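S.K.: There's a structure below that I have some questions on.
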Amino acid sequence: MDASGPSIFRRDGRLVCCFSGGRPMNLNDMQRLLTALVDAHIFRAVDAELPVVLHRMAAQPDPLLWWLTALVSYQYGRGHTCLLISQLCEQPQVVLSIGSDDLWRLSERNQERWQQALGLLEPNAIHQALDSLWVQRDGSGDQAPLTWVNNRIYLTRLYRAEALVKAAVQVRLPFQAIPQSTLQPLIDVAFPEAEQARNRQEVHWQSLACALAVQRRFCIITGGPGTGKTTTVVRLLAVLLQARDSQLRIALAAPTGKAAARLTESIRDKISELPCAWQEDIPTDVVTLHKLLGARPHRRGFRYHQRNPLPADVVVIDEASMIDVEMMAALMAALPAHGQLILLGDKDQLASVEAGSVLGDFCAGAEQGGYNSDTLTHITPYATASLQPYHGDGSAYNQATVMLRVSHRFDASSGIGQLAKAVNHGADYSDLFSQFSDIDWLQGEAVEQFQALVVSGYRDYLELVQRGPQDNDDVHLQLWAKAVLKQHRAFQVLVALRQGDWGVTGLNQRIADWLYGAKLIPTTQGWYAGRPVLVRRNNYGLKLMNGDIGMTLVDPNSGRLRVAFEQPDGSIKWILPSRLADVETVFALTVHKSQGSEFKHAVLALPERMNPVLTRELIYTGITRASQKFTLLTPEPQVFAEAVQTQVLRSSGL
Numbered sequence: 001m002d003a004s005g006p007s008i009f010r011r012d013g014r015l016v017c018c019f020s021g022g023r024p025m026n027l028n029d030m031q032r033l034l035t036a037l038v039d040a041h042i043f044r045a046v047d048a049e050l051p052v053v054l055h056r057m058a059a060q061p062d063p064l065l066w067w068l069t070a071l072v073s074y075q076y077g078r079g080h081t082c083l084l085i086s087q088l089c090e091q092p093q094v095v096l097s098i099g100s101d102d103l104w105r106l107s108e109r110n111q112e113r114w115q116q117a118l119g120l121l122e123p124n125a126i127h128q129a130l131d132s133l134w135v136q137r138d139g140s141g142d143q144a145p146l147t148w149v150n151n152r153i154y155l156t157r158l159y160r161a162e163a164l165v166k167a168a169v170q171v172r173l174p175f176q177a178i179p180q181s182t183l184q185p186l187i188d189v190a191f192p193e194a195e196q197a198r199n200r201q202e203v204h205w206q207s208l209a210c211a212l213a214v215q216r217r218f219c220i221i222t223g224g225p226g227t228g229k230t231t232t233v234v235r236l237l238a239v240l241l242q243a244r245d246s247q248l249r250i251a252l253a254a255p256t257g258k259a260a261a262r263l264t265e266s267i268r269d270k271i272s273e274l275p276c277a278w279q280e281d282i283p284t285d286v287v288t289l290h291k292l293l294g295a296r297p298h299r300r301g302f303r304y305h306q307r308n309p310l311p312a313d314v315v316v317i318d319e320a321s322m323i324d325v326e327m328m329a330a331l332m333a334a335l336p337a338h339g340q341l342i343l344l345g346d347k348d349q350l351a352s353v354e355a356g357s358v359l360g361d362f363c364a365g366a367e368q369g370g371y372n373s374d375t376l377t378h379i380t381p382y383a384t385a386s387l388q389p390y391h392g393d394g395s396a397y398n399q400a401t402v403m404l405r406v407s408h409r410f411d412a413s414s415g416i417g418q419l420a421k422a423v424n425h426g427a428d429y430s431d432l433f434s435q436f437s438d439i440d441w442l443q444g445e446a447v448e449q450f451q452a453l454v455v456s457g458y459r460d461y462l463e464l465v466q467r468g469p470q471d472n473d474d475v476h477l478q479l480w481a482k483a484v485l486k487q488h489r490a491f492q493v494l495v496a497l498r499q500g501d502w503g504v505t506g507l508n509q510r511i512a513d514w515l516y517g518a519k520l521i522p523t524t525q526g527w528y529a530g531r532p533v534l535v536r537r538n539n540y541g542l543k544l545m546n547g548d549i550g551m552t553l554v555d556p557n558s559g560r561l562r563v564a565f566e567q568p569d570g571s572i573k574w575i576l577p578s579r580l581a582d583v584e585t586v587f588a589l590t591v592h593k594s595q596g597s598e599f600k601h602a603v604l605a606l607p608e609r610m611n612p613v614l615t616r617e618l619i620y621t622g623i624t625r626a627s628q629k630f631t632l633l634t635p636e637p638q639v640f641a642e643a644v645q646t647q648v649l650r651s652s653g654l
C-alpha cells in the first residue's frame, strides 16, 4: 500500500478513498480499474461483470462494495469458497496472489487506482459497505447474491453448499453401537494380518478404519498411494454386510470414468482375498459420481436430491480429493436420512478444479489423529496398539477420519515413495535422484534425451496398434483394443499447463512430430491410427465423461477409423471419430486430468518459468501417478524448487 496512507470518508452516502495529493476513488475509477484488470488477464471478465449485473438489479454505487464483490468472484475462480476479511485487510496482495509481476501490465494511472482500491480494505469500512441489498448477514435467507458470516464473504450459493455439507456430516457423527462380541470376530477374519501388528505393538490402521467406519454413518479413509485404501474398503464392506444385513444396498462411485474403471478393477482383484462365503455380495460396479446422482443433459441439478434420495444404504466414493464443495453438497443432499457415506482419497493430492478443498479441510490434522475421549472409547477395543499418542482435541471431522500410514507399494527402497514424501513435507530431495534407480531428473537442455525417452515410452503401444488384432472377429477386436489401451497406460507424459511449449498444446504437437519421424504414426494432423484422445466435456448421449481416454484404431473389417473407450465393466465402446466433437490429443496430459490414473512410468515436464498452478500438491500428484518409474524434466531446475515450496491454501468455512 502507499506509504502515505489513504484517507477514507463518506461522500453522498458512499465510501471514497483518497491518497495524499490525489483525488478520491469513485465508482467510475473502480469500474476503470476492474476493466483494466480484465484486460491485463489478472481478473476474469465475469469478476468485473458481477457487480455491474448486481447494480442493474439493485443500484449500489459504493466503490468498496463493487470491489469486494469482484474480489469474491475472483477468489472463487481461484478455488476459494469465501473471502476472509481479516486476512484480506492485513495482507491483501498475499491473499489475492497478485504481485508486481502482474501489476506491471497496468497503466500508471491504473496502478494508482489499484493502490487506492487496496486502501479501501479496512475492517470498519468493509462492515459498513456490506450493509447492502446485495448482502445477507449470518446466513439467514437466500435471496441476496452475497453472504457475510463469521467474518467471511461468500457467493451465497457457495455458502449454502458449505452449510449443507457441514450439517450433513454433523448428523452422521454419533456412534452406532455394535457389540464388540459381534464386530471383533468379523474384523479378525477380514484383517488376519492385524494380529502380526499386535505382536509388534503397532497400530494396524486398516482394521482400525474398519472399526470406526462400521460404527459411524460418515467416515473418511485417507492415505497416500499404496497404503491400502481399496483393500480396506472391500474388507469393510464385507464386515458391514456380515454385521448388519446382507441385503444392504451399496453404491460405489468415483469423480471420473478413469477413476471408476480403476476402482472397479481394484475391487475385483481384492475380493478374492476374502473368505469365499463373503465374496458373493460385494458389489463391483463403480460408476461416475455424475451418473450416481443422475446428471441430466442440459439441465442443472440431479435426478437424486433431498426430496428424491438415492436408493442406497451405503455410498462409497473414491478419489474424494477431486470433489468440489458444490458437488459434495449435491452428494450429501442425495443421501437418504439413514445413509452411510465413506470417502476414500489422498488428502495431499491436488484439490478439485472447482471451488473448495473439501477432503483437505476434512482431513486437516489427520496425521496427529486428534481423537477425543469419546472416539477413543469406541475404537480402542479394536486397536492393535495404544492409541494414546493420537489422543487430542481434534475437529469433528478428525473423529471420523483414519489415515493409513504404511505404503505397500513404495517401501524404503523406492525412490518414488521417498521423493513423494520429501516433496510432501517440503524437505530436501536433492540427493534422492542419485540414490534410487526408479527416479530420474533431466535438467536444462535435455530435449534430445526427452525425445528419445518419449519415443521409447510410446513405441510399444504404437507397434501393437500397427500389428492389429490376431483375428477380425469381435472377440479379438475387443482383446486387441484392451491390450492397446493397457499398453498405452504404461507410459505417460504429464504437464502442469495447457498452453506454451511445455504445456498440453505445445508438447502434444512436438511429441506427434517425434513419433511421426520414428514412423510410429502415419501423420500428425486430424484423425489417425494410434492417436490417443481425451474427452474434454461430458457427452451424455455417448455416455462418455470428461477425462475419459480413448484410442483411435483402424477397423480391419471396414478399413475405417474408430475410437475405442474401455468401460468400467471392462468392455470396449467403439465410437466413430465424427461423433467426437470436444476431444484433444493426449500424448501429454495435465496433472489435473491424470488424477485417478496410474502409469508404470510417468514423466512430469515442468515449464521454464514459475506459474501459479505450480504447487507442492501438483508435484506430489504427478509423482504419485507413477507406480514403477518416475522421470522429472525441468528446463529450469529452480522452477521445481519453487513449486515444492508453494502450497495450495484455499479459504473456506468448513
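Residue numbers (UniProt numbering): 1 to 654.
Glycine included, every Cβ here is placed at the ideal spot set by N, Cα and C.
Every value quoted in this text rests on a predicted model; they were computed, and no experiment measured them.
1) Going by DSSP, name the residue or residues bridged to ILE342.
2) Touch check for the region 226-246 and the region 357-369: three-plus C-beta pairs under 8 Å?
3) Is it buried or exposed, SER7, if we count other Cβ atoms within 10 angstroms and call 16 or more buried?
4) Measure the C-alpha to C-alpha separation of PRO63 and GLN87 and round it to an integer number of angstroms.
5) Taking the alpha carbon of ARG467 as the reference point, which residue from ALA481, ASP474, LEU343 has its own alpha carbon closest?
6) To test your reading of the DSSP string, which unbroken alpha helix (DSSP H) runs of 4 or more residues are found completely within the UniProt domain "UvrD-like helicase C-terminal" (586-632)?
7) Below 8 Å on the Cβ atoms is my guess for ALA161 versus ALA329; work out the distance and round it to an integer in Å.
8) Under the assumption that VAL353 contacts HIS592 (Cβ atoms under 8 Å), give the Cβ distance between them as a whole number of angstroms.
9) By the three-class DSSP mapping on this structure, what secondary structure does ALA251 have?
10) How about ARG249 and PRO311: are their beta carbons less than 8 Å apart?
11) Could you check what DSSP says for PHE410 in three-state terms: helix, strand or coil?
12) Does DSSP classify ALA295 as helix, strand or coil?
13) Taking C-beta to C-beta, are ASP348 and ASN424 nearer than 8 Å?
14) Enumerate in chain order the residues of its own chain whose CB-to-CB distance from ALA261 is below 6 Å, with the five nearest sequence positions on each side excluded.
15) Is it the case that the Cβ atoms of SER430 and GLY417 are separated by a distance below 8 Å?
16) Along the chain, where does the beta strand (DSSP E) containing ASP440 start, and where does it finish?
17) Using DSSP bridges, identify the partner residues of HIS391.
18) Spatial neighbours of HIS476 within its chain, please: CB distance less than 8 Å, with the 5 preceding and 5 following residues excluded, ordered by chain position.
19) Could you tell me the boundaries of the alpha helix (DSSP H) in which PRO566 lies?
20) Taking all protein chains shown into account, decide if ASN508 is buried (16 or more other Cβ within 10 angstroms of its Cβ) or exposed.
21) Am I right that ILE221 and LEU404 are in contact with their C-beta atoms under 8 Å? What's the rounded C-beta distance?
22) With a CB to CB cut of under 6 Å and the five nearest residues on each side skipped, what residues in its chain are close to ARG113?
23) What are the boundary residues of the alpha helix (DSSP H) that includes GLY119?
24) Can you give me the C-alpha to C-alpha distance between TYR528 and VAL165, rounded to a whole angstrom?
25) What ranges does the beta strand (DSSP E) occupy inside the UniProt domain "RecBCD enzyme subunit RecD N-terminal" (40-154), keeping only unbroken runs of at least 3 residues that lie completely in it?
26) Just grab the DSSP bridge partners of HIS305 for me.
27) Is GLY503 closer than 8 Å to VAL493 when the C-beta atoms are compared?
28) Let me check understanding here. Comparing Cα to Cα, which of MET332, GLN449, ARG268, HIS378 lies closest to PRO635?
29) Measuring alpha carbon to alpha carbon, tell me which residue in GLN115, LEU84, GLU319, ASP555 is nearest GLY99.
30) Thinking C-beta only, is GLN435 closer than 8 Å to TYR461?
31) Residue range of the alpha helix (DSSP H) that GLY257 falls in?
32) Quick check on DSSP: helix, strand or coil for TRP514?
33) Could you please give me the residues that DSSP links to LYS543 through a beta bridge?
34) Let me make sure I understand the geometry here. Which of ASP318, ARG56, VAL171, ASP474 has the alpha-carbon closest to that of ASN557?
35) Where do the N-terminal and C-terminal ends of the beta strand (DSSP E) with VAL554 fall, by residue?
M.R.: Quick look at the numbers:
1) According to DSSP, which records beta bridges pairwise, ILE342 is partnered with CYS219, VAL316.
2) Too few Cβ pairs lie closer than 8 Å, so no.
3) Below a pLDDT of 50, predicted positions are generally treated as unreliable, and SER7, at 47, falls in that range; the measurement from the model is reported next regardless. With a threshold of 16 other beta carbon atoms within 10 Å, SER7 falls short and is exposed.
4) Taking the straight line joining both Cα atoms gives about 20 Å.
5) Checking every option, the nearest Cα to that of ARG467 belongs to ALA481.
6) With a minimum length of 4 residues, the continuous alpha helix (DSSP H) runs that stay inside the UniProt domain "UvrD-like helicase C-terminal" (586-632) are 591-594, 616-623.
7) About 4 Å separates the Cβ atoms of ALA161 and ALA329, confirming a contact at the 8 Å cut-off.
8) Going by Cβ atoms, the distance from VAL353 to HIS592 rounds to 6 Å, so yes, they are a contact pair.
9) In the structure shown, ALA251 sits in a strand (DSSP, three-state: E or B).
10) In this structure, PRO311 lies closer than 8 Å to ARG249 by Cβ.
11) In the displayed model, PHE410 falls within coil according to three-state DSSP, outside both helix and strand.
12) Here DSSP, grouped into helix, strand and coil, assigns ALA295 to strand.
13) Yes. Within cutoff.
14) Counting only residues of its own chain and dropping the five nearest sequence neighbours on each side, ALA261 has a CB closer than 6 Å to the CB of PRO568.
15) Between SER430 and GLY417, the C-beta gap is not smaller than 8 Å, which leaves the two residues out of contact.
16) For ASP440, the enclosing beta strand (DSSP E) starts and ends at 439-443.
17) The partner list for HIS391 (beta bridge, DSSP) reads TYR371.
18) PRO469, GLN470, listed in sequence order.
19) This sequence places Glu at residue 566; Pro is not what is there. Not the alpha helix (DSSP H): GLU566 falls in the beta strand (DSSP E), residues 561-566.
20) By the neighbour-count rule (16 or more Cβ atoms within 10 Å), ASN508 is buried.
21) With 8 Å as the limit, ILE221 and LEU404 qualify as a contact, their Cβ atoms being about 7 Å apart.
22) Here the set comprises ASP29, LEU33.
23) Note, GLY119: alpha helix (DSSP H), 108-119.
24) Separation of TYR528 and VAL165 (C-alpha to C-alpha, rounded to the nearest whole angstrom) is 46 Å.
25) Within the UniProt domain "RecBCD enzyme subunit RecD N-terminal" (40-154), complete beta strand (DSSP E) segments of at least 3 residues are found at 82-84, 135-137, 146-149, given in chain order.
26) Paired residue(s): ASN308.
27) No, Cβ-Cβ distance for VAL493 and GLY503 is not below 8 Å.
28) Closest in C-alpha terms to PRO635, from the list MET332, GLN449, ARG268, HIS378, comes GLN449.
29) With distances taken between CA atoms, GLY99 lies nearest to GLN115 out of GLN115, LEU84, GLU319, ASP555.
30) No. Outside cutoff.
31) Here the alpha helix (DSSP H) through GLY257 covers 257-271.
32) The answer is helix: DSSP assigns TRP514 an H, G or I state.
33) In DSSP, LYS543 forms no bridge with anything.
34) It is ASP474 whose Cα lies nearest to the Cα of ASN557.
35) From DSSP, the beta strand (DSSP E) with VAL554 extends over 549-554.
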